[in-house]
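Beneath this line is the structure, given in structure tokens, with notes to follow.
Numbering (UniProt numbering), first residue to last: 1 to 670.
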């Protein structure tokens, strides 16, 4: 991973800023919610105490029967078609059926649906009626009550049989409709509202349980109370919807409407802001489906908690876009008993607006800071990468130039750490360049310094030999030693001449005159000259069919090929092969001489073309001295032609290949 990517990853750490801000805004939104919830709960508690103090008509404690308003005219026929709008809010009747109660201006209607696969039939006047399927209806008014037996041996109209003596004000005769099918039976009846009933009991009996009319439990009848709604309207706050519910969740009174505060056009939250609020900020916002205004019963967990004496609050979605509704439910207690539940609901846009503004402002600021920081880090990383790239390029150029600098080292005047590194590199390459220059001139210096002492030693040996021969005083044992001294002087002379030739070769390469020649002809001529010298070794040549013209010094290329051939011949075994190849490249030519033989040591592949480096003393020891200047001359020729010399082992491991890359010499301008 490069430096810029690493710094960009570091820049991503600034994302911790918007995350921390998001957590802060979320906590702020939670605190705002809690503050509003506490305030609305306190208002609800005060209203509940006011309802108790003013003796508002609250429902009695305990189970009740709820009487709904008849949405449609009801015909007493034993069928539930007229009860369809009220069916979702039916009340459980024991474990076998359900009960529906409704009223209009004149009548109180009752519809009981009892489920049972097996039935025993008997009319209400039959003595065995208590051992058949039947219902016992109890009507109550004040402290008085009267029971009726509802049973029938066949579907159709029926008359309830009284089980108790007549009671003033209560009905003396009740007619009903009995209908049944394979799943059970249904009973429908009506009682005039003029009777003023305030309690009702209904028990289901079947033959397996027997008949005990005394077991009927009456419950108070409750319905929507306009007086209680009026009393509630005097206490309710503006913009707050208030509802009084029975402990079971039945609606007893209601006043006010949810008024969503108006907002300016610029403050109206869009769909994105609403989505952000619901997704990132709001802890939990329930749907508004269960809280609609047209339901007679509100069966939610908050109402159940309040009916147990514990206040509860809830945040839900509002009807208007971008609004939320806070609902607070508190118990209405009288004489230590929960007589009802007061539910207050208040719509608000303040919390979403404040939270959205804070979050969006934070996000915009954070992303702005992130972009600026990322841009600064990217610019810094780019500048740092460019500076390091300049150092790398300068070091590579110096490496290709044998450690010598071709100009001032870049960024040595900088005062930062990169400047220190550049100055260290500059000092290092100055030392390496000086050492390289010393090695380059070592041969000429040695040849110059050794000429005089070598001449003195040679003349002294000659004079000594003539003196001893003239006097016939040379001992027989001294002749071999004298001959060895002559041989050593001869070898030293050959070394000095070789070093002198190398120095002259460097000057000759630098002063060579280029011309336009055909490389194919030059290489073919060299190959024809090498073939007789190969002896038992096989010499192969691969040349292009077309001519290849290059502006170069042909004699230098021939000398470089001579050095390469001499080097390859010394390492190729008898019966081996040599292959000379010339191929064109996109910017010049490439000459390759491959030979069969031992591979190059890995440690020497990068130093073969340096001065005074040789492997021949290890491969072909002999009497002829070798200074390791041949491949060095090859490199000088390649560099004079704008190219480079390379050596590599063949992929199959059968030998090595030396390559000259030539781009041509620059043309001189008059």
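All residues carry an ideal CB built from backbone N, CA and C; glycine is no exception.
Note on residue 59: 16 or more other CB atoms within 10 angstroms of its CB, so buried under the neighbour-count rule. Between residue 297 and residue 99, the alpha-carbon positions lie close to 15 Å from each other. By the neighbour-count criterion, in which a residue is buried when 16 or more other Cβ atoms sit within 10 angstroms of its Cβ, residue 9 is exposed. By the C-beta density criterion, residue 111 is buried, having at least 16 other C-beta atoms within 10 angstroms.
According to the DSSP assignment, residue 338 belongs to no alpha helix (DSSP H) but to the beta strand (DSSP E) extending over 337-348.
The alpha-carbon of residue 227 is positioned some 14 Å away from that of residue 242. Taking a C-beta distance under 9 Å as the contact criterion, residue 647 and residue 631 qualify as a contact pair. Under the three-state reduction of DSSP output, residue 494 falls in the helix class.
In the structure shown, residue 47 adopts helical secondary structure according to DSSP, grouped into three states. Residue 186 places its beta carbon 9 Å or farther from that of residue 116. Relative to residue 564, the option among 551, 367, 579 whose CA is nearest is 579. In the assembly as shown, residue 133 is a buried residue. Its beta-carbon has 16 or more other beta-carbons within 10 Å.
It is roughly 16 Å from the alpha-carbon of residue 598 to the alpha-carbon of residue 566. Distance from the CA atom of residue 233 to the CA atom of residue 257, rounded to whole angstroms, is 11 Å.
From the listed residues 384, 570, 365, 637, the smallest Cα separation to residue 22 is found for 365. According to the DSSP assignment, residue 191 belongs to the beta strand (DSSP E) that extends over 184-192. Residue 580: member of the beta strand (DSSP E) spanning 577-585, first to last residue. Here DSSP, grouped into helix, strand and coil, assigns residue 24 to helix. Scanning the region 429-493 from its first residue to its last, no whole beta strand (DSSP E) run of 3-plus residues comes out.
Residue 576 and residue 653 have their C-alpha atoms spaced approximately 14 Å apart.
DSSP, read as helix, strand or coil, puts residue 128 in coil. Our two residues, residue 341 and residue 105, have alpha carbons roughly 27 Å apart in a direct line.
By the neighbour-count definition (other C-beta atoms within 10 Å, threshold 16), residue 491 is an exposed residue. Measuring C-alpha to C-alpha distances from residue 150 to each of 162, 142, 143 identifies 162 as the nearest. With respect to the 9 Å criterion, residue 190 and residue 89 are not classified as neighbours on the basis of their beta carbons. Nearest to residue 329 by C-alpha distance, out of 47, 130, 494, 434, is 47.
By a beta-carbon distance limit of 8 Å, residue 223 contacts residue 67. Their separation comes to about 4 Å.
Where residue 557 is concerned, the enclosing alpha helix (DSSP H) starts and stops at 554-571. At the C-beta level, residue 384 and residue 394 stay beyond 9 Å of one another. When the Cα atoms are used, residue 218 and residue 135 turn out to be separated by approximately 14 Å.
Positions of the beta strand (DSSP E) runs, each at least 3 residues long and wholly inside the region 96-179, are given as 97-103, 107-115, 134-141, 144-150, 156-159 in order along the chain.
The alpha-carbon separation between residue 178 and residue 250 amounts to approximately 29 Å. A straight-line Cα-Cα distance of about 18 Å links residue 30 and residue 318. Distance between residue 665 and residue 559, taken at the CA atoms: about 16 Å. Taking C-beta atoms as the reference points, residue 344 and residue 216 fail to come closer than 9 Å. Beta-bridge annotation (DSSP): residue 591 is paired with 582, 660.
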